[in-house]
Each structure stands twice: as C-alpha cells, then as structure tokens.
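Here the structure comes first, spelled out in structure tokens, and everything after it is commentary.
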Amino acid sequence: MITTHPLDEGLRIEAARIEAAARARGLSFFELVFEMVEPSAVNALCALGGFPLRYPSWRFGMEYDRLEKGRHYGLSKIYELVINNDPVHAYLVSTNSRMEQKLVMAHVCGHADFFANNAWFAPTDRHMLGRMAEHAAWVRDCMEQHGQEPVERFLDSILSLDTLLDPFAPLSEHLQARARDEERGSAVERARRSLDAAMAPENRERRTRGARPRVPSHDVLEFLGQRCELQDWQRELIRIVRAEALYFVPQRMTKIMNEGWACLWHSRLLTGGLLEASEIVDFADCHSGATATRPGQLNPYQFGLDLWRHAERRQLDLFRLRRAHHDASWVDELVDEEFAARHPLFAPAFMPEGQAQGGWKTLKDRIVRDLAWAGTPRIELVDDNHKGAGELLLQHHHDGRDLELAAAAEVLKSIAGLWQRRVHLATQEQGQQRVLSSDGSEVRVEREAAA
Amino acid sequence: MSLSRIERDRNRFRDIVRGRLREDLRRYLSTTELLGRRGERAISIPVPQIELPRLRFGDNNAGGGSGQSAGEAAQGEARAGQGGGQAGEGEGSHLYEVEVELEELARMLGEELELPSIEARGRSQLDTETLRWRGIANQGPASLRHFRRTWRNALRREIASGSYDPHAPRISPLPEDERFRFCKPQSRPQSSAVIFHIMDVSGSMGREQKEIVRIKAFWIDTWLRSQYKNLEVVYIVHDAVAKEVDQDSFFHLRESGGTKISSAYELCLQKIREQYPPEDWNIYPFHYSDGDNWSARDTERCIGLLREELIPRVNQFCYGQVKSAYGSGQFKKDLDGALPGTDRLVTANVNDRDGIREAIRAFLGRGR
C-alpha cells in the first residue's frame, strides 16, 4: 500500500496561510487536502496517474520502474502531485525542504483553481478518486473470474485505442445538458419527469440498449463499446477505459496554461509576503530550475508563465482567459508580434534550420497545430457500413504530420479484432494517399487516389 | 499482503520484458550486443521499451530528404509540449535496460537450443570445506557473544520475574542469559571447470571471423558458468607460436604470419599438466581457426597430440572452423578424417553469424 501522512503542525499552519492568501487574491477552489509521502511512494502514485488505487497493469509497473531508476541515479525528482478531485488531493514529498513545500503548496493552489474554474474541466468527474478505486476493484474481480491473461490482453488492446476520443465533445454535451435542465424548471419537477420517462415501457428497452451512436463520430471508443459483439465484461472494460481517458483529456488540452497558471501564482503568492527573507534565494533558484529551458524547446512551465505575464502586460482579464481557453486557442489568442520579439523560443537564432525564414507566424501556427487535437492525431469514424459490407472506415484528418504507420497498423488490428469485420484507415504518407486495412490478423496498405 | 500493488505491477512488467528477451534470444545469438555487458552475476541487456501501439505521429522512414528535417524539429516541439511533468505515456523508443541473472540467461539459452545439462565426469567431486556461522550455543568466548539474543533473554527473564520497570528500563544479563555464536564446518560438493579458448590469429583471420569467435565464446562461457560453480577461463592465441593472453587481447589482438596449430595444442597440454589436473577439473578446450595450417606435417602432429594426450584428458574438445576468404578449411577435413567416431571431439563449421547458433548447439548439445 502507498502510505501517506498528515502534515506536521508547522506545515499545516503554512498551508492555511497560503490558502488564505490565494483565496484573498481571487483564486477559488474545492477543499484542499495535503498529504505527505515518501519519494518512492510519490513515484508509485505518479506511475498510477496520481491515484492510489488502480487496476493491475504492467504499464504502471513500467512507469514506476522508470521513475525509480531516475530517482536512484538522481536524474529526476518529483516535487508534488495534484489530483483534480473534490476535495483536491495534493501529495507533498517528504524530502522537500520547507521552502520547497511552501512553493509546492502555492503551486497546488494555482492548479486547484484551474481545475475548478477552467471550462474544459467542468465535465470531469470530481469524484474520480473513488471512481478509480471502483474501477480497480471491478477489474480485479474480472481478472479473478476470467483469468488475468485474457483480461490483461483485452485491456491492453483497448488502452491502445484510448486516444480515439473527441476531446471537445464532453464540454458541449455538458453545456447542452445544463441548458436543457435550466429550461425544464425546478429540480423536483425534473426528477419526477425523468423518473416517469424511465418507467414508461416503450423507453425502457431503449434505455438499457443505449442510443445508437451517431456516425460520423470521433468517439471511436464509444462506438465500439456499443456496437461490437462483446461479452459484458469486455463492454464494461471499454466503458472504464473510456471514462478514465476522458478524465485525463482536459489535462492534456491545458498543460501549458495550467502549469503556467500555477507558476504565476506560486511566484505571486510567495513573493507577496509569504517567504522569509532567508528563503528568497532558494526560492529563486528552485523557480528558475522549473522554468529553465533549452533553446528551441518548449517548456510548458516557462512558456505558460511567459504567456500569462504577456497577457498581464496587455491588461487582459487573466481570470476570464483561464476560464474559457485551452492551450491551442490560448496560444492562438495571445502570441503576437510583441511576444515573439521578446521570447527566446521565437528568436531566429534558436529556430531549427529552415524555420527561421517563415518568421514567428509560421512557428506559432505550428505550435497551435501541434496542440490542436489535445496533441493526438485526429481520427474520425466516417462510415460504419463501408462498401456496403459492414466494414468500418476511419479517416485521419492529416495536418502535415504523418502517422507512425507500424503502430497504426497494430491499432487497426485491435479494432478489426473487436469489430470482427474489416477496418480501413485512410491517411497520408509523405503527401501520398494511403489506406491501411486490416481483418484482425494482417494489415494491407493500399495506395489509393484521393476520393 | 507481502508485496505492494505497484511492486506487483513492476514484477509483471519485468516478466513481460523477460518474455521479450526470450523471443529475441535468437537475434542476440548472432550479434555482439551483449558482449561487454556482463557483470559478476548479472548482465544488463538493452531491450526496446515495450509500448502500447497507439495512433500517433511519427516518421516512417528516417533519413528522407532535406525537407524532412523541419518536420522532425516540429515533432520535437510537440513532444516537449506533452512531456513536461505529467507522468503520461512513455514516448519514442527508449531502450530499457533489463538486468538478467546469468543463470537465467543460461537457462534461456538452454531452452532455446535445447541443451542438456552437463554431467560432470565420473570422478570424485571436489569437496570444499567452509566454516559457517550456523548456530547459537549457551557457552562460548565473550568475543562471540550474540548481543541481541543475550539481551532479549535478559529482558524476557526480567519481565517474567516482574522486576522490569518500563519507566526506568534497566536490564542486566546474568550468565544464564548469555548466548554465543558457534560455527560448524560444512562440506559442499563442488565441481570445477576450465575453458581453454584457443584462437588462430594468423593473417587470414579477419575482423568478422574474430567477432564470430567472440560471440561464440561469450555464449559458451555463459552456459558453462551456469553449469559449474567454479569456472576458469584460459585464453590462448597462436600464429606460428602460441601464447597465453588476457581476455581483452584475446579478442582484439591481430597478428599476422603463419599458422602452426600444434604450438597451441602443446601450450594447452602444458597448462593442463601444470595447473588443471583432470582429476580435479572438467576441461573444455575450444579451438577456433579458419582451417589453414602451415604444413601437413604439423597437422599430423596436431592429430597425434589430440589422440594421445589431449582427448583422454578433457571432457570434450571442440573445434570450430570459421569460414574466411583466405582459409582453405583443410584442417577440419583432416581432423574428421583422422579421428572418425571420436566421442569427445566435436568439429563444426561456422560459415557466418547465423551459423553460431548451430555451432553452439553442436558443442554443448552432448551434455558432456
């Protein structure tokens, strides 16, 4: 088990001071729970995505192994870990110095505010800590019933599909649902109506079978979960994997903003009177370590922080920005000529060969493009009855970056194995149209003229 | 619960890596990748990090035109954007170093090549006596007093007699509380083996030939090491004269000139006589050459040495003939012709790296 400890008296007082200062400056967040853990425990937690109870998987073991080696050789150190949950859980590492703990706690306040207020986090499950534990227990049971190997194999094949989601759908569904609810009047009335609807005989059937998913759709995982011929446990595993993947999507979509926001607030709060004079130099050292960057590299902490400072200079409403944007839209909104002229990432001398002549606009466009679909290739299911033979056709919306075809072929095999009919993926390789197609055991690559 | 869950995940991961390694063993049998990675008890093997296939961006053929480089650079940025602090999915193809115990590697090799385990020769096994601390006694010299046991007994006695006060804990051991370590001689059967790696380093043995010898020697060592607790290795090189060298020069030396194989056999015999009496040692000479000897007369002499002196003394004599551009390959024919049906002589051809596997199997497949 991963053991955590409560904070000692002194740190509890600091935590309360920092929280109070954060709220006084306009941050708002759910209750914050700090827990103290040993370095190896934080590595374990980090490998598990932050959650102490996850289903058994070798992938967590691999990540843990990597982190432990990094710690052993002094290559990497984790200062904190924070989970988007209500209450927000944050882990502090016992080897941090007192100043580092203060920095980390202030940093965590920034993250907590971001989780609570950024629109893209609104649809996330705020009781994920419990939900993950439920999933873990369920998968464990499932392994006992059906054997570890088959469940693990199925789980792996589903996990390799967990980027086939629509990162933007949850928010719009969330907003629609809220709008509907508001139309329908009071909570009591709504509850009665939905109960009536559920009890009506003609609806019951539909409710249990689930609505027929729309095609075209980006949510391939949902489609497969509903439409494939599967056993119940397999269907449930797909649901679990999809729920967990959707929970993490907003963090991928807002990495730069979120880290930048947390850095902005830890520096504002700590230098605004929370540091002792003797801690200032260590603080500066630690802060600049986190925001250090090599030429031509994008450090999300540093890039995010610089963009927030730039927004401040332009006298924009920071709180509104952090509510509405995700990384791609935010970079698109904020990076302008003035920022490019100041920022080393856009300095022509540091740009890779061949990019300098395009100027800052080209690089900005490229960054926005790279961030656009939560950093993953945009794959859409465009036809569920391809060639009239019930085959699936997936379309990769090519944006100039090719897919890694070997991996894509493996993924396609998994999908075809689930669908039990042929599955096609239309993409491009170096400007040429390609269609990969698999029947579950082998993969063909066809060159086709653009349709 | 003995293992934490994350440790169980880690063990599962390691099992999977070992499985991969086993699948790839065939490849390692013909490359130099593992050489020089051997420690005292374990070997660290680089295996490609296991990764779930995902739809992701990537270059399909690295090293395209010059237009490619800009794209790659952009890739780097995208990664930096994602990598950051979050413990997300591992990306790219990192190499993962997996530590495998030599015994385990040998076991994999044995399974892959279906090697029988070696039966040591039917001579009395060497018994070694060691002293081990394996008991506790009531009497003994003060220098061997077992502190913890003694104090524990004293504590126990005082608690039992009610004289122990937890607020002012004071314990004084009486003579009957004292315990002492004592040792007992233990005899362990032990068998020892010596390997002679003998290599022809005349001008005709090129770099590729030496690599092959190197790979082969590595696997043979690994296997025999798993079979014998105590293994010594002697390296002998020869052209027209033979000399004993250390491991490093064995693999890197490049001599030139003629070849007199008998010189090496004589040196080997001399070492056996002086240092490795067959009554105490299992002896495995391995000779690698391209099969060119200086003269038929010398080959005669070699055959004589083998028949009269060497073969009676050794478990098995192995001759591996590495194909080279210059060698005639005559020596193997001569051996096979002169010593047909000799159990303890194994000869094998290694034409290229892929032949290493078969040669190892031929050498070690007899369980001798």
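The listed protein sequences derive, respectively, from chains G and V.
In the working numbering, each number is its position in the first sequence, counted from 1, plus 6.
In the working numbering, each number is its position in the second sequence, counted from 1, plus 25.
Quick reminder that beta carbons are idealized off the backbone N, C-alpha and C, glycines included.
- A direct Cα-Cα distance of roughly 55 Å separates glutamine 240(G) from alanine 218(V).
- Proximity of phenylalanine 38(V) to chain G, defined by a Cβ-Cβ separation below 8 Å, is satisfied.
- DSSP, read as helix, strand or coil, puts methionine 68(G) in helix.
- Below 8 Å, too few C-beta pairs join the segment 31-49 of chain V and the segment 120-129 of chain G to call them touching: fewer than three.
- For a Cβ distance threshold of 8 Å, residue set Pro78 of chain V lies close to glutamate 416(G), ordered along the chain.
- Secondary structure note for histidine 392(G): its beta strand (DSSP E) is the uninterrupted segment 385-392.
- Only residues of its own chain outside the window of five on either side were considered, and among them none has a CB closer than 6 Å to the CB of glutamate 416(G).
- In the same chain as glutamate 137(V), and ignoring 5 residues on each side of it, the C-beta atoms closer than 8 Å to its own belong to Arg47, Leu50, Arg51, Leu54, in chain order.
- Per DSSP, the beta bridge partners of leucine 98(G) are Met42(G), Glu86(G).
- When the beta-carbon positions are compared, serine 314(V) and tyrosine 253(V) stay at least 8 Å from each other.
- Around the beta carbon of alanine 289(V), 16 or more other beta carbons sit within 10 angstroms, so the residue counts as buried.
- Contact with chain V is absent for tyrosine 79(G), since none of that chain's Cβ atoms lies less than 8 Å from the residue's Cβ.
- Within the model, the alpha-carbon separation for serine 163(G) versus serine 443(G) is close to 17 Å.
- Counting other Cβ atoms within 10 Å of its Cβ, glutamate 333(V) stays below 16 and is therefore classed as exposed.
- By the Cβ-count criterion, asparagine 376(V) is exposed, with fewer than 16 other Cβ atoms from all chains shown falling within 10 Å of its own Cβ.
- Taking a Cβ-Cβ cut-off of 8 Å, aspartate 342(G) has no neighbours in chain V, whose nearest Cβ is about 19 Å from it.
- Within the DSSP bridge table, the entry for arginine 450(G) names Ser443(G) as partners.
- Counting of Cβ neighbours within 10 angstroms places glutamate 20(G) among the buried residues, the total reaching 16 or more.
- Histidine 222(V) and valine 266(V) do not touch by the CB rule: their CB atoms are close to 17 Å apart, not below 8 Å.
- For threonine 10(G) and arginine 77(G), the gap between their C-alpha atoms comes out near 19 Å.
- Pairing glutamate 318(G) with leucine 327(G) gives a Cβ-Cβ distance that is not under 8 Å.
- DSSP places methionine 138(G) in the helix class (H, G or I) of the three-state scheme.
- When Ser229(V), Ile220(V), Phe205(V), Met230(V) are compared, the shortest CA-CA separation from leucine 249(V) is found for Ile220(V).
- Taking a Cβ-Cβ threshold of 8 Å, none of the residues of chain V is close to glutamate 250(G); the smallest such distance is about 13 Å.
- Contacts with chain G (Cβ-Cβ distance below 9 Å) from the segment 29-57 of chain V involve Ser29, Arg30, Ile31, Glu32, Arg33, Asp34, Arg35, Asn36, Arg37, Phe38, Arg39, Asp40, Ile41, Val42, listed in chain order.
- For the set Ala380(G), Phe309(G), Leu398(G), the Cα lying nearest the Cα of leucine 171(G) is the one of Ala380(G).
- Shortest Cα-Cα distance from threonine 169(G) to any of Leu80(V), Ile308(V), Asp305(V) involves Leu80(V).
- If only uninterrupted alpha helix (DSSP H) runs of at least 4 residues are considered, those enclosed by the segment 232-260 of chain G are 238-259.
- Selection Gly44(V), Trp244(V), Glu291(V) evaluated against isoleucine 385(V) yields Trp244(V) as nearest (Cα-Cα).
- In chain order, Asp408, Leu409, Glu410, Leu411, Ala412, Glu435, Gln436 make up the part of chain G whose C-beta sits under 9 Å from the C-beta of asparagine 85(V).
- Judged by DSSP secondary structure, aspartate 371(G) falls within the alpha helix (DSSP H) whose first and last residues are 365-378.
- For valine 287(G), the enclosing alpha helix (DSSP H) starts and ends at 286-296.
- If you draw a straight line from the Cα of leucine 270(G) to the Cα of serine 284(G), it comes to about 21 Å.
- In this structure threonine 297(G) is buried. Its beta-carbon is surrounded by 16 or more other beta-carbon atoms within 10 angstroms.
- Per the DSSP secondary-structure output, proline 71(V) pairs in a beta bridge with Glu122(V).
- Counting the other Cβ atoms within 10 Å of the Cβ of glutamate 228(G) gives 16 or more, which makes it buried.
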